[in-house]
Every structure is written in C-alpha cells, then in structure tokens.
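Sequence order for the protein chains is W and U. The first sequence begins at 1 in the numbering used here and counts up one residue at a time. The second sequence begins at 1001 in the numbering used here and counts up one residue at a time. Beta carbons are placed, not taken as given, at the ideal position from N, Cα and C, and that holds for glycine.
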Amino acid sequence: MMDFEQLYNQYSPQIFRVCMGYVNDHEQAKDLTQETFISVWRNLSTFRNESKISTWIFRIATNNCLRALEKNSRIIKVELPFHLPDVPEETQEDKLTFLYNCIAELEEIDRIIISLVLEDLPQAEIASIVGLSHGNIRTKVHRIKDKLATKFKDHGQFE
Amino acid sequence: MNDLKAIWLTAKTDSLPDSHEMVHIIRKFRNKKLLKITALVITAILLVAIMLWVVFIYKSTMLSTRFGEAFMIIAGIILVSTNLNSLLRFYKLKECSNKEFLQFLEQTRLRQQFYYQRTQVIAMAFCATGLLAYLYEGVYENTMLFISAYTGTVLYLLILWFVVRPRVFKKEEKKINAQIEKLESISKQINE
C-alpha cells in the first residue's frame, strides 16, 4: 500500500491549486483539499491501480469541487472592470489574483480543465479525469486558452 | 501559456496542514450528513423492533390496534429501506470521472425530490393512520381520556402535516431544484 503521508506531501499543493482555480476562495479551497485527502485516506486500501494514482486523486478532488456547488454562494465570481488603471509594477500576487478572477469567469468544467492544464497534466489524463474523449479535451483546451487570451488582452495585462 | 503556468505556481500553499496534522484531522473527522442518515436509520430500526416487540408481548383484542401496529411498522420499514438505500449508494460509489459523478449527483437529487414528494408523504400517512388506530383500544372506554388523547394526537398530526412539513418541504424543494438546475447546466457543458 502506498504511503499516505508521501502522497499528501506530493499532491496536496497541486490539489489545493486546482481547488483554488475552481472556487477562487482560499478557505474553501483548503477545506476541499482536506476533504480530498480524507477520501484518499479512507479509500487508499481499496485503490486497485486501474488508473494512475494521480488520476485517482485528481478525480476525487475535482468531484469534490463539483459537489461544492451545494455551497457555491462562496464561489467568488469577480466582474473584471473594462479599463484597469495602469499599475506601474504588478506584484506576483496581483497577477495570480487576476488569473484566478479570469478563471472564475469560465464555466465550471472549463475551470477544472484549465486548472489541470496549468498543473501540467497530460491531456489524456485530463480526459480520463473529466470523462471526455482526448479529442474533446483538446478542443476544449484550445477554446479555453483563446478565452483566457482574450481576457488578458482586453485588460492589457502582462503584455 | 508558460507565463500563466509560472503565475499559477506562485500560489502559496504553506497554509495547508503538514502531513502529521492532516492525519490528526482525518482521525477526528466525522461526516455529519452521513451520521445524520445513519442515526435516522438506527432510530427507525429501533422503532420497528419496539413495535414488533409490542405486537408479540401485548396481545390486543381489537382489529384497530392490529391495523395500527401494522401501519406503523410499514412506515418504519419504508423509512429504513429508503434511507439505508441512499446510504449504501454513497458507500458503493467507486472511483468515477467528473461526467459519471455528475450523473450520480443528478440521480441523488432526483431521488431526494421523490423522497420529499412521495415516499415521505406515504410513510407519514401510514404512521399517522397507524397511530390513530392504535390509540383507540386504550382509550375508548373512558370518554374524557378518549377526547383528550385524540384531540392531542390530531392536533399534533395537523401541525406536523400542515405547518412543519410544508415549511421543511418548501425549503428543501427550493434547494434541491436549484441544485438540479445547476447540475443540468454543468452536465450540458460536458456534453456540448
């Protein structure tokens, strides 16, 4: 059996970022990460290696995110202003907040897909997590990238 | 895209508990929703067991008492089977993709809706009728006792039926309908 603590140390930062991409709320993302690892702990003994362990963990995490719609009043959707004032120097934190806000404007499944893309997961693995064909994911990733690029361009960010 | 990845990775994750703290959190964790259903199932099983015990210990002479006992046992069995079934669905849920999980959630919400609209009404009807029939043998010889027992019970059932249930139902129905709508919209995103 795989060592839980090792899995936690390896995957918890990734899971947290994916949850953060979905909910755009630090505390809720932390809760979702914990819920994910509670499920991992409980089901690790029954994990049958039918898929990669990372696929299994990301599936649990993203399913937890989808379930969070029951309390989605906390999911923060920020309408981006049309003209952002010129900021002489943006901090990494500003850029990250802007990225989260752009992702928050996407639809739920797109938020999951782009978060997994940003975690550098292969498209075949993303397809297996979401439950779509590889081709379908490729098209969706392309569309999401376009949407994000437009948002960034519209707001003149990080050019 | 690489720029975005670089920004993405700057997210601070140091507020997450370390692995030892996490194991501690897991050991303390109790799923409140599942505990609530488990408590309901255990209570309903106890209710049915007590009723069965009463049936065998107390030999009633009137048919109304027998009917009352049978109706209340049926109500208990309905409660046990539906709640046990919904509990088992969660335990049986194995590893699944987002698409399969959404289908599972949609089914769960539809089952919940059916439970509030039909199953609960039927169980309550059986229980209320059973209770009214069961009481008769114990109080019919004493007019005062008869009037007070039936007034109290009928009043209680009327409040339960016309005040408590519609209020809970309205609140739950609104929540479930909103969730079904949301799930349908997410499923559409996957299927488009």
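Minimum Cα-Cα distance from W/Lys52 among the listed residues W/Glu125, W/Leu148 and W/Val18 corresponds to W/Glu125.
The region 13 to 28 of chain W makes contact with the region 55 to 72 of chain W; the number of CB pairs closer than 8 angstroms reaches 3 or more. Per DSSP, W/Asp31 is one residue of the alpha helix (DSSP H) stretching across His26 to Asn43. Within a 10 Å sphere around the beta-carbon of U/Val1163 sit fewer than 16 other beta-carbons, which makes this residue exposed.
With fewer than 16 neighbouring CB atoms inside 10 Å of its own CB, U/Val1154 falls in the exposed class. Taking U/Leu1132 as the centre and dropping the five residues before and after it, the same chain places the C-beta of Thr1153 closer than 7 angstroms to its C-beta, in chain order. Taking the C-beta atoms as reference points, W/Val141 is found no nearer than 8 angstroms to U/Asn1098. Contact with chain U is found for W/Gln34, since one of that chain's Cβ atoms lies less than 8 angstroms from the residue's Cβ. Within the region 1117 to 1171 of chain U, the complete alpha helix (DSSP H) segments of 4 residues or longer fall at 1120 to 1139 and 1143 to 1159, listed in chain order. U/Leu1102 has a beta carbon lying within less than 8 angstroms of a beta carbon in chain W.
In the structure shown, U/Leu1063 adopts helical secondary structure according to DSSP, grouped into three states. Contact annotation: the region 1106 to 1122 of chain U touches the region 1161 to 1181 of chain U, with at least three C-beta pairs closer than 8 angstroms.
Listed along chain W are Ser12, Pro13, Phe16 and Arg17, each with a C-beta nearer than 8 angstroms to that of U/Thr1013.
Excluding the 5 residues flanking it on each side, U/Leu1183 has same chain C-beta neighbours closer than 7 angstroms at Leu1102, Leu1105, Glu1106 and Arg1109, in chain order.
Residue-level contact check: U/Lys1005 touches chain W, since one or more beta carbons of chain W fall below 8 angstroms from its beta carbon. Under the 10 Å beta carbon count, U/Ala1125 is surrounded by fewer than 16 other beta carbons and is classified as exposed. Per DSSP, W/Glu5 is one residue of the alpha helix (DSSP H) stretching across Phe4 to Val23. Counting other Cβ atoms within 10 Å of its Cβ, U/Met1001 stays below 16 and is therefore classed as exposed.
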